[in-house]
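Following: one structure in structure tokens, then a few remarks.
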Amino acid sequence: MLVDIHNHILPGLDDGPKSIEEALLLAKSAVSNGITHVIATPHHLDAKYRNSSLEVREAVAGLYREFSKRNIHLKILPGQEIHLAANILDELETDLLTLANSGKYLLIELPNAYIPSQTLEVIYIIQLKGYIPIIVHPERNKILRKNKQLLYEYVCKGALIQVTASSLLGLNGRSLRKYTRELIKHNLVHFISSDAHHYLKRPFLLKKAFEYVKKEFSESYVTYFCENASHIVYGTDIQPLSPISFKNYY
74 MLVDIHNHIL PGLDDGPKSI EEALLLAKSA VSNGITHVIA TPHHLDAKYR
124 NSSLEVREAV AGLYREFSKR NIHLKILPGQ EIHLAANILD ELETDLLTLA
174 NSGKYLLIEL PNAYIPSQTL EVIYIIQLKG YIPIIVHPER NKILRKNKQL
224 LYEYVCKGAL IQVTASSLLG LNGRSLRKYT RELIKHNLVH FISSDAHHYL
274 KRPFLLKKAF EYVKKEFSES YVTYFCENAS HIVYGTDIQP LSPISFKNYY
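The sequence shown begins at 74 in the working numbering and counts up by one.
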């Protein structure tokens with residue numbers, strides 16, 4: 074089983090595929106990467122997009138029917154990429170969708186330019202309500218890039234972390250690759266996902282990313298990341314590696 078927990082494969086809901094045809098091409102690129110399960114995570118609660126749990130579930134069911142018609146062997150499950158907006162805790166009671174119907178894991182996106190003042194409170198309350206927050210692509214946040222110890226503190230408070238395959242591969246610049254590598258070395262990465270949007274411009278890159286991890290780190294890291302993603306599909310608990318502080322490290 075190879076699971077991608079973060080992508081934008083659903084057509085017409087956000088900045089992912091504009092049509093069924095584009096979504097099918099993106100699905101085929103997932104299969105060519107050896108991916109067996111994708112958790113579709115359209116943007117929710119950001120400045121542009123609001124995708125309710127009902128809309129996402131209906132879109133997932135519709136796209137899976139298209140997969141079946143065309144003999145595309147790819148499981149698709151519902152989710153949301155939930156922006157850490159001011160009203161996120163209100164939405165927690167009504168319309169937030171856990172990944173893969175797990176009843177457990179929520180994908181949380183921080184703004185790129187700053188850290189919302191309520192971030193620690195949100196991490197705490199999400200867990201108080203019985204969920205586990207997964208912070209996506211922290212390498213894009215300029216505050217977290219400058220202050221890696223802050224991300225360490227989030228992990229110590231119970232958050233999990235997902236980085237993007239393209240960042241690890243250096244496609245988003247050397248500095249983001251270096252930062253992502255440092256997070257892995259400090260056991261601050263729990264998932265690697267594609268954040269795929271388009272079959273050519275932003276495709277699934279898990280195969281290359283895991284080949285890189287195997288070469289630069291070890292095969293045990295590949296197993297760790299893959300097993301963690303599988304736990305989301307099954308709704309079971311992840312056993313994270315102990316995070317390593319950046320203080321007094323060097």
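By construction, the Cβ of each residue, glycine as well, lies at the ideal position given by its N, Cα and C atoms. Please read these numbers as outputs of a predicted model, since none were measured by experiment.
- For residue 236, the enclosing beta strand (DSSP E) covers residues 233 to 237.
- Its chain contains 210 and 268 as the residues whose beta carbon lies nearer than 6 angstroms to that of residue 237, once the 5 sequence neighbours on both sides are disregarded; these appear in chain order.
- Taking 9 angstroms as the cut-off, the Cβ atoms of residue 99 and residue 298 do not count as close.
- Within the region 263 to 321, the complete alpha helix (DSSP H) segments at least 4 residues long are 279 to 289 and 292 to 307, listed from N- to C-terminus.
- Ranked by Cα distance from residue 195, the options 220, 156, 318 and 319 are led by 156.
- Rounded to the nearest angstrom, the Cβ distance from residue 88 to residue 126 is 20 angstroms, too far for a contact under 8 angstroms.
- Only buried fits residue 213, as 16 or more other CB atoms lie within 10 angstroms of its CB.
- Per DSSP, residue 226 lies in no beta strand (DSSP E) segment; the continuous alpha helix (DSSP H) that holds it begins and ends at 221 to 229.
- Taking C-beta atoms as the reference points, residue 257 and residue 294 count as a pair closer than 9 angstroms.
- Taking the Cβ atoms as the reference, residue 150 lies roughly 5 angstroms from residue 112, within the contact range of under 8 angstroms.
- Distance between residue 96 and residue 129, taken at the CA atoms: about 15 angstroms.
- From the listed residues 216, 308, 222 and 305, the smallest Cα separation to residue 317 is found for 222.
- With fewer than three CB-CB distances shorter than 8 angstroms, the region 182 to 192 does not count as touching the region 280 to 287.
- Residue 168 carries a coil assignment under DSSP once its states are collapsed to helix, strand and coil.
- Secondary structure in the region 92 to 148: the beta strand (DSSP E) runs of 3 residues or longer, each lying completely within the stretch, are 110 to 113 in chain order.
- Residue 206 and residue 131 have their alpha carbons spaced roughly 24 angstroms apart.
- Note: residue 199 is not bridge-paired with any residue in the DSSP secondary-structure output.
- The beta-carbon distance between residue 172 and residue 124, rounded to whole angstroms, is 14 angstroms. This is too long to meet the 8 angstroms contact definition.
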